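Asks: After the structure tokens below, expect a handful of questions from me.
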Amino acid sequence: MARILITSGPTRQHLDPVRYLSNASSGRMGRALAEAAIAGGCQVTIVSGPVEVAYPPEAQVVSVVSTEEMLAACQQEFPRCDGLIGVAAPCDYRPLAVAAQKLHKTGSGLDLHLIETPDIVATLGHDKLPHQWLVGFALETEDQRFRAIAKMQKKSCDLMVVNGPQAMNSLHNMVEVLDRAGEVIAAFEGTKESVAEQLFQLIDARLIRQAPAASPPLAPDECHPR
Ligand code: C5P
Numbered sequence: 124m125a126r127i128l129i130t131s132g133p134t135r136q137h138l139d140p141v142r143y144l145s146n147a148s149s150g151r152m153g154r155a156l157a158e159a160a161i162a163g164g165c166q167v168t169i170v171s172g173p174v175e176v177a178y179p180p181e182a183q184v185v186s187v188v189s190t191e192e193m194l195a196a197c198q199q200e201f202p203r204c205d206g207l208i209g210v211a212a213p214c215d216y217r218p219l220a221v222a223a224q225k226l227h228k229t230g231s232g233l234d235l236h237l238i239e240t241p242d243i244v245a246t247l248g249h250d251k252l253p254h255q256w257l258v259g260f261a262l263e264t265e266d267q268r269f270r271a272i273a274k275m276q277k278k279s280c281d282l283m284v285v286n287g288p289q290a291m292n293s294l295h296n297m298v299e300v301l302d303r304a305g306e307v308i309a310a311f312e313g314t315k316e317s318v319a320e321q322l323f324q325l326i327d328a329r330l331i332r333q334a335p336a337a338s339p340p341l342a343p344d345e346c347h348p349r
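First residue of the sequence shown: 124, per the working numbering; consecutive thereafter.
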């Protein structure tokens, strides 16, 4: 039984105890992919940022808030998995400093100093074992294919799913799938559930069934975050 890790939903980067930076990701595409993978006989772990959707009860769900927490949870889980589907929309930036108390208005503006967060897919891709595969998602507003191919290489993905901003917080999606050669190998459109089913069939045929046998599961005391 293939073991799949799915990142899903947005992350939040707090400015102070009550305010944060985030995005409109709903977790629906992650849920739909988890349902499709479970229906296809896979064991699924979801590392999810804060969402309102309910994930399938068969999935193991690890709830996180920030991008750093999502990375730490994925580093814990990925060594036991055969592949990763990175459908989350983690925040790319975080405030340099998080105020311990609520920020108060001063009558003038507020400059935010933001720094980059770690890239989860790129980090896992860099450290992956030979049998492990990665599927990334690229949400682009311009030069979609060009940017997606660059991300696929930078993040060591085996396939890249490209969609537009219309996917955010929507019930529908329209995607293209690019392979390592940069070829468009499929295009799917419809509800997120139907797109997820078709995507999973493709991942199953191209990656799950092609992967060399995984090493036996690690004993808990052998699993160290890398
Ligand atoms: O945000 P971006 O378009 O670069 O996302 C492309 C892929 O990288 C997605 O699969 C997303 O889940 C992943 N990503 C990540 N960590 C980040 C930013 C994006 O894993 N900090």
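Glycine included, C-beta positions come from ideal geometry on N, C-alpha and C. The structure displayed is predicted, hence computed values, not measured ones.
1) LEU301 and LEU330 - do their beta-carbons sit closer together than 9 Å?
2) Might you give, ordered along the chain, the residues of its own chain that have their beta carbon closer than 6 Å to the beta carbon of LEU144, omitting 5 neighbours on each side?
3) What does the Cβ neighbour count give for ILE238, buried or exposed, with the cut at 16 atoms within 10 Å?
4) CB-CB under 6 Å to ALA182, same chain, minus the five flanking residues each way: which ones, in chain order?
5) Could you tell me if the beta carbon of ILE127 falls within a distance shorter than 8 Å of some heavy atom in the ligand C5P?
6) Determine the closest residue to MET82 out of ASP205, ALA212 and ALA177, with distance taken between C-alpha atoms.
7) Since LYS277 contacts ALA304 with CB under 8 Å, what's their CB separation in whole angstroms?
8) Answer yes or no: the CB of LEU301 versus the heavy atoms of the ligand C5P, is any distance below 8 Å?
9) Under the three-state reduction of DSSP, which class applies to ASP139: helix, strand or coil?
10) Give the C-beta separation of ASP242 and ALA125 to the nearest angstrom, bearing in mind that I take them to be a contact with Cβ-Cβ under 8 Å.
11) Tell me the DSSP secondary structure of GLN276 in three-state form.
12) Runs of 4 residues minimum, wholly inside the stretch 217–247: which ones carry the alpha helix (DSSP H) assignment?
13) I'd like to check one pair, VAL174 with GLY132: are the Cβ atoms closer than 9 Å?
14) Would the C-beta of THR190 count as close to the ligand C5P, meaning under 8 Å from any of its heavy atoms?
15) From the DSSP secondary-structure annotation, give me the bridge partner or partners of SER131.
16) In its own chain, which residues sit with a C-beta less than 6 Å from the C-beta of ALA290, not counting the 5 before and 5 after it?
17) What is the rounded straight-line gap between the Cα of PRO343 and the Cα of ILE326?
18) Tell me whether LYS315 sits in a helix, a strand or coil according to DSSP, three-state version.
19) So, with DSSP's three-state summary, where would you put ASP250?
20) Going by Cα to Cα distance, which pick from GLY232, THR130 and ASP266 is closest to ALA196?
21) Cutting at 6 Å between CB atoms, please list the residues of its own chain near THR190, excluding the five before and the five after it.
22) Between the Cα of ARG142 and the Cα atoms of HIS227, LEU207 and ILE161, which residue gives the shortest distance?
Replies: With the structure as the only source:
1) Along the sequence shown, one-based indexing puts residue 330 at 207. Along the sequence shown, one-based indexing puts residue 301 at 178. No, they are not a contact pair.
2) As a first step, residue 144 must be located in the sequence shown, where it is residue number 21. Within the same chain, LEU144 has close Cβ partners GLN136 and CYS214.
3) Along the sequence shown, one-based indexing puts residue 238 at 115. Under the 10 Å beta carbon count, ILE238 is surrounded by fewer than 16 other beta carbons and is classified as exposed.
4) To locate residue 182, count along the sequence shown from 1; it is residue 59. For ALA182, where only same-chain residues beyond five positions count, the Cβ hits under 6 Å are ALA157, VAL167 and ILE169.
5) Position 4 of the sequence shown, counted from the start, is the residue given in the question as residue 127. ILE127 Cβ: outside cutoff for every heavy atom of the ligand C5P.
6) Here the chain comprises residues numbered 124 to 349, so residue 82 is not present and cannot be evaluated.
7) Here residue 277 is taken as the residue at index 154 of the sequence shown, counted from 1. Here residue 304 is taken as the residue at index 181 of the sequence shown, counted from 1. At roughly 16 Å, the Cβ-Cβ gap does not stay under 8 Å, so LYS277 and ALA304 are not in contact.
8) Start at 1 with the first residue of the sequence shown, and residue 301 comes out as number 178. Result no, Cβ not under 8 Å from the ligand C5P.
9) Residue numbering aside, residue 139 sits at position 16 when the sequence shown is read from its first letter. Correct three-state label for ASP139: coil.
10) Walking along the sequence shown from the start, residue 242 turns up at place 119. Walking along the sequence shown from the start, residue 125 turns up at place 2. With a contact defined as Cβ atoms closer than 8 Å, ASP242 and ALA125 miss out at about 24 Å.
11) Looking up residue 276 in the sequence shown gives position 153. In this structure, DSSP gives GLN276 a helical state, which the three-state scheme calls helix.
12) Runs found: none.
13) In the sequence shown, the residue the question calls residue 132 occupies position 9. In the sequence shown, the residue the question calls residue 174 occupies position 51. Yes, Cβ-Cβ distance for GLY132 and VAL174 is below 9 Å.
14) Here the question's residue 190 lines up with position 67 in the sequence shown. Yes, Cβ of THR190 sits closer than 8 Å to a heavy atom of the ligand C5P.
15) For this step, residue 131 is matched to residue 8 along the sequence shown. Per DSSP, the beta-bridge partners of SER131 are SER171.
16) What you label residue 290 is simply residue 167 of the sequence shown in a count that begins at 1. In the same chain as ALA290, and ignoring 5 residues on each side of it, the C-beta atoms closer than 6 Å to its own belong to ASN296, in chain order.
17) Translated into positions along the sequence shown, residue 343 becomes position 220. Translated into positions along the sequence shown, residue 326 becomes position 203. Low confidence applies here, because PRO343 scores a pLDDT of 48, under 50, leaving its location unreliable; read the following figure in that light. Straight-line Cα distance between these residues: approximately 28 Å.
18) As a first step, residue 315 must be located in the sequence shown, where it is residue number 192. The three-state secondary structure of LYS315, taken from DSSP, is helix.
19) Residue 250 sits at position 127 when you count from the first residue of the sequence shown. Per DSSP, reduced to three states, the secondary structure at ASP250 is helical.
20) Translated into positions along the sequence shown, residue 196 becomes position 73. Closest option to ALA196, judged by alpha-carbon separation, among GLY232, THR130 and ASP266: THR130.
21) The residue given as residue 190 occupies position 67 in the sequence shown. Residues of the same chain with a CB within less than 6 Å of the CB of THR190, apart from the 5 flanking positions on each side, are THR134, PRO213, CYS214 and THR240 in chain order.
22) Walking along the sequence shown from the start, residue 142 turns up at place 19. Distances from the alpha-carbon of ARG142 to those of HIS227, LEU207 and ILE161 put HIS227 closest.
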